[in-house]
Amino acid sequence: MSVIPRVTWFSDDDRNKIIDEAKQILEELGVFVENEEARELLDGAGAKIDGNRAYIPTAIVEKALETAPGRVLLYDRHGEIAMDLGGDRIHFNPGSAALRIFDRDSGDARTPVTADVIRYARLTDALPGYAAQSTGVIPGDVPENIADSYRVFLGLLHSTKPVVTGTFRVEAFAVMHSMLSAVAGGEKALRERPNAIFDCCPSPPLSWSDLTCQALIDCARAGLPAELVSMPLTGATSPVTLAGAVTQHCAENLSGITIHQLAHAGSPIIYGGSPACFDMKKGTTPMGAIETMMIDGAYAEVGKALGVPTHAYMALSDSKPVDYQAGMETAMGAIVAAMSGVNNISGPGMLDFESCQSLEKLVLDNEICCMALRLTAGIELRDDPVALPVIAAGIEKKEFLSLPHTKKWFRQEAYMPGDVIERGSLEQWRANGKKTAFDRAGDQVDRLLETHEVELLDAEVKKHITGLMIEESKKAGMDKLPST
Amino acid sequence: MREHLKSCAQAVLDGESEIAEELARLTLEKKMDLLEVIENGFVAGIREVGKLWEEGILFLPELVMGAEAMKAAMELLQPALETEGSDREKVGHVVIGTIEGDIHDIGKTLVATMLSANGFKITDLGADVPAVRFVDEAEKNDADCIAISALLTTTMPGQKKVIEELDKRSMRSRVKVMVGGAPCDEKWAAEIGADGYAGDAVAAVSLARSLTGRG
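In the order they appear, the protein sequences are chains A and B.
Per my numbering, the very first residue in the first sequence carries number 1; after that it's consecutive.
Per my numbering, the very first residue in the second sequence carries number 485; after that it's consecutive.
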């Protein structure tokens, strides 16, 4: 049995200190809770409520941690397990909710439209490095207040993978839930085999808006996995020290888990976030900063110690085009995430601080993800003796290529990258037109979109969810949806 | 006096609010020339902070601390200046906030702090502010300028609503509008008919100065 290569961020003592202090923060400083129902839940459990502030005793937090499941499963359209979140198992999915898409022809970012969202969903469906799809692009050709449900609608039509998503408005949950239920085969089936994760983002420091609180409660009751996306920004919305940010992150997550488990004990919840090491020059939130990745890896370790599945926004970049910086930051993040055992890693495809998706980058990042998955599979001995008889045979034949041992293991030992990774000779590269990785990725995007066939959604289900979506769009003042 | 002016500037440069406050108090006690101390002491300090920031030598925490120190001193000196009936030019009044639907506060607060440190009177409406409220407050305070922050492309159109509201109340000619926030740029400002765009807090100060002719 191989060892999973892992990094450790804290000593047991330091990690425990962070967890204890996070609990102390909830007791002494409390959390701001805008949602009345959430305050009532906390009040009923014995928290002290003062206006919108809830002071949560450690005992309530610990009880919530006891009922929160340690393993969360996500299913694809066929009801097969697509994500097994928990332990050190890692899964990648594209970064969610980009406002822009990188346009290959103009070399610049632009507002996405329905056709982009569809291409994005189909491409995610085709790429093996992604266990789930995400509602990664916000289409600009429908009214803002249905953009959330519309993304899920398109994702369900054009990919069989489970969806990482979220609501922009409190009212959107109901229709999104109806669509997901229809695809899963009913509300009960959805509860048993959830096909979506909902991101719920507290506002740092330690504040829950009405929208996120409601999403948390709605998810808990529907049995749909909620993912806490806590985002301390060092020195801007949290302590400047990395350990201080991890502590605040822990307190925010613990308060989320508590509200969630009070709404429905035992419902699936994921310890996650999107923190950043705030840039003190530009005032931005770099996802590609090594310190951002350190906070992510460190809080994942805390989450594991608390016994819940983990998530982080990693394997993405702040670069504007798909260039050296884009690849560098994405790959560093993916490897740190993988070696920290973050269960759900969201980010691939993303540029410009989580605000721009690129289809070409999605293809390139798929290679990074596949390599990271290979890395975490570790090194197995395979044979006993490990090498002696094979080397003996190799000496005799003066090569190893023709040995049965080589044929037996080479596919399992090495990940075979796609055409976007250049491993040919200089001559071949010249002969192929001196293409860059970005050029090759563009070629592959075109090829995959042309050849990949997404299994069609059951006609009845499609009709049903299309009806739901049309109803929503009419409410928003749009009579006809763009062609899907 | 020269030593005193130097200390005042240095206190702002170092971001030492307590020292700045102490020096302001000393200025009042010793009945020094207020205008001289403000202009050649504290303001000289904050100008230096702005310059070093633009040169990439200072970072955000230093910029904010410098502005805080400046504010601390001015809170003591401003009332005295007014009682004295000094002829320091009337300061500009800026109504600032983050537009409705948007809870991003940091950039906006930074701009408000820098404007305030540079002598502007500020009405900070916080985040998630409806367009109508910007105009209500501008009207109530007889403000010279409205500064609107938007960090999301989905909330940006709200900036335009503020301008429309100003038009509706025939206030557009006397209230300047400046916009900022990650998704905004010069082009956007021009598109919605704003008077200007600033990319950071120091640029916002120059813009407010040039728009209002004050500060």
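All residues carry an ideal CB built from backbone N, CA and C; glycine is no exception.
Fair warning: this is a prediction, and the values are worked out from it, not measured in the lab.
- prompt: Rounded to whole angstroms, how far is the Cβ of M478/A from the Cβ of P143/A, which I believe are closer than 8 Å?
  reply: Within the first sequence, residue 478/A is the residue found at index 478, counting from 1. Within the first sequence, residue 143/A is the residue found at index 143, counting from 1. Right, the Cβ-Cβ distance comes to about 6 Å (below 8 Å), so this counts as a contact.
field: Straight-line Cα distance separating G442/A from C451/A
entry: Taking the first residue of the first sequence as position 1, residue 451/A is located at position 451. Taking the first residue of the first sequence as position 1, residue 442/A is located at position 442. With the sequence shown as reference, residue 451/A is identified as Thr, and Cys is not the correct amino acid for it. The alpha-carbon of T451/A is positioned some 14 Å away from that of G442/A.
field: Residue burial classification, P385/A (beta-carbon count within 10 angstroms, cutoff 16)
entry: Mapped onto the first sequence, residue 385/A falls at position 385. Under this definition P385/A is an exposed residue.
- prompt: What is the residue span of the beta strand (DSSP E) that C200/A lies within?
  reply: Along the first sequence, one-based indexing puts residue 200/A at 200. Looking at the DSSP string, the run of the beta strand (DSSP E) that includes C200/A is A196 to C200.
message: If you reduce the DSSP assignment to three classes, tell me which class S358/A lands in.
response: Within the first sequence, residue 358/A is the residue found at index 358, counting from 1. Note: S358/A maps to coil in three-state DSSP.
- prompt: Is there at least one Cβ from chain A nearer than 9 Å to P428/B's Cβ?
  reply: Lying before the first or after the last residue shown, residue 428/B is absent from chain B, which here runs from 485 to 699.
query: What residues in the stretch 636-649 of chain B have a beta carbon less than 8 Å from any beta carbon of chain A?
result: L636, T637 and T638
query: Taking only beta-carbon atoms, is F278/A less than 9 Å away from chain B?
result: Looking up residue 278/A in the first sequence gives position 278. With 9 Å as the cut-off, F278/A counts as an interface residue toward chain B.
task: Could you run through the stretch 222-239 of chain A and flag, in chain order, every residue whose CB is less than 9 Å away from some CB of chain B?
output: L233, G235, A236 and T237
query: Between L242/A and the rest of its own chain, which residues show a CB-CB distance below 8 Å, the 5 nearest in sequence each way excluded?
result: Mapped onto the first sequence, residue 242/A falls at position 242. T234, C277, E291, M294, I295 and A298, listed in sequence order.
- request: Please list the residues of the stretch 539-555 of chain B that have a C-beta atom closer than 8 Å to any C-beta atom in chain A, keeping them in chain order.
  value: G540, F543, L544 and P545
query: Is it the case that the Cβ atoms of I379/A and V3/A are separated by a distance below 9 Å?
result: Locating residue 379/A in the first sequence gives position 379, counting from the first residue. Locating residue 3/A in the first sequence gives position 3, counting from the first residue. Yes.
- prompt: Of all the residues that make up the stretch 582-598 of chain B, which are near chain A by a beta-carbon distance shorter than 8 Å?
  reply: So the list reads I587, I590, G591 and L594, given in the order they occur along the chain.
task: Would you verify that the beta carbon of G488/A is, or is not, closer than 9 Å to some beta carbon of chain B?
output: Within the shown structure, residues of chain A are numbered from 1 to 484, placing residue 488/A beyond reach of any answer.
message: If I follow the unbroken beta strand (DSSP E) through L73/A, where does it start and stop?
response: Against the first sequence, residue 73/A aligns to sequence position 73. Per DSSP, L73/A belongs to the beta strand (DSSP E) from V72 to Y75.
- prompt: Going along chain A, which residues have a C-beta under 9 Å from D684/B?
  reply: Position 200 of the second sequence holds residue 684/B. Simply K282 and G283.
query: Taking E623/B as the reference, which of G603/B, V595/B, T638/B and K652/B has the closest Cα?
result: Taking the first residue of the second sequence as position 1, residue 623/B is located at position 139. Cα-wise, what sits closest to E623/B is K652/B.
- request: Output the boundary residues of the beta strand (DSSP E) element that contains R110/A.
  value: Taking the first residue of the first sequence as position 1, residue 110/A is located at position 110. R110/A -> beta strand (DSSP E) spans D108 to R110.
query: The alpha helix (DSSP H) spanning G664/B covers which residue range?
result: Locating residue 664/B in the second sequence gives position 180, where the first residue counts as 1. Note, G664/B: premise wrong, no alpha helix (DSSP H); beta strand (DSSP E) at K660 to G664.
task: Determine the DSSP secondary structure at H177/A, reduced to helix, strand or coil.
output: Locating residue 177/A in the first sequence gives position 177, where the first residue counts as 1. Reduced to three states, the DSSP call for H177/A is helix.
query: Between the stretch 124-156 of chain A and chain B, which residues of the former have CB atoms less than 7 Å from a CB of the latter, in chain order?
result: E144
Among P641/B, A601/B and I606/B, nearest to N625/B - alpha-carbon criterion: Mapped onto the second sequence, residue 625/B falls at position 141. Scanning P641/B, A601/B and I606/B for the CA closest to the CA of N625/B turns up I606/B.
C-alpha distance - H91/A paired with G591/B, whole-angstrom precision: For the purposes of this step, residue 91/A is taken as residue 91 along the first sequence, with counting starting at 1. For the purposes of this step, residue 591/B is taken as residue 107 along the second sequence, with counting starting at 1. So the two alpha carbons sit approximately 35 Å from each other.
message: Between P563/B and chain A, is the shortest Cβ-Cβ distance under 9 Å, so that the two count as touching?
response: Here residue 563/B is taken as the residue at index 79 of the second sequence, counted from 1. False, the Cβ-Cβ gap to chain A never drops below 9 Å.
Beta-carbon contacts of D620/B that lie in its chain and below 7 Å, excluding the five residues immediately before and after: The residue labelled residue 620/B in the question sits at position 136 within the second sequence. Counting only Cβ-Cβ distances below 7 Å, and skipping sequence neighbours, we find nothing.
- prompt: How big is the Cα-Cα spacing for H405/A and L127/A?
  reply: Sequence index remark: in the first sequence, residue 405/A carries index 405 (1-based). Sequence index remark: in the first sequence, residue 127/A carries index 127 (1-based). Taking the straight line joining both Cα atoms gives about 30 Å.
- prompt: Is the CB of A666/B under 9 Å away from at least one CB in chain A?
  reply: Walking along the second sequence from the start, residue 666/B turns up at place 182. It does: the Cβ of A666/B has a partner Cβ on chain A nearer than 9 Å.
task: Hey, could you find the ends of the alpha helix (DSSP H) L216/A is sitting in?
output: Taking the first residue of the first sequence as 1, we reach residue 216/A at position 216. Unbroken alpha helix (DSSP H) run through L216/A: D210 to A222.
field: Chain-ordered neighbours of L99/A on chain B, where CB pairs are closer than 9 Å
entry: In the first sequence, residue 99/A corresponds to position 99, counting from 1. By Cβ distance, chain B contributes L636, T637, T638 and P667.
- request: Compute the Euclidean distance between the alpha carbons of V42/A and G273/A, then round it to the nearest angstrom.
  value: Position 42 of the first sequence, counting from 1, holds the residue named residue 42/A. Position 273 of the first sequence, counting from 1, holds the residue named residue 273/A. Going by the sequence as given, residue 42/A is Leu instead of Val. Going from the Cα of L42/A to the Cα of G273/A covers about 23 Å.
- request: Starting from the beta carbon of S203/A, find every residue of chain B whose beta carbon is closer than 9 Å, and list them in chain order.
  value: For the purposes of this step, residue 203/A is taken as the residue at position 203 of the first sequence. Chain B residues near S203/A: I587.
query: Just reading off the alpha helix (DSSP H) that D14/A is part of, what are its end residues?
result: The residue you call residue 14/A lines up with position 14 of the first sequence. First-last of the alpha helix (DSSP H) with D14/A: D12 to E28.
query: Any Cβ of chain B within less than 9 Å of the Cβ of T111/A?
result: One-based indexing of the first sequence puts residue 111/A at position 111. It does: the Cβ of T111/A has a partner Cβ on chain B nearer than 9 Å.
task: With 9 Å as the threshold, decide whether the Cβ of F487/A is near any Cβ in chain B.
output: Here chain A covers residues 1 to 484 and nothing more, so residue 487/A does not appear.
Burial state of R151/A, where buried means 16 or more other Cβ atoms lie within 10 Å: Here residue 151/A corresponds to residue number 151 of the first sequence, with the count starting at 1. Buried, by the Cβ-count rule.
- prompt: At a Cβ threshold of 9 Å, is S209/A touching chain C?
  reply: Given the protein chain composition of this structure (A and B), no chain C is represented.
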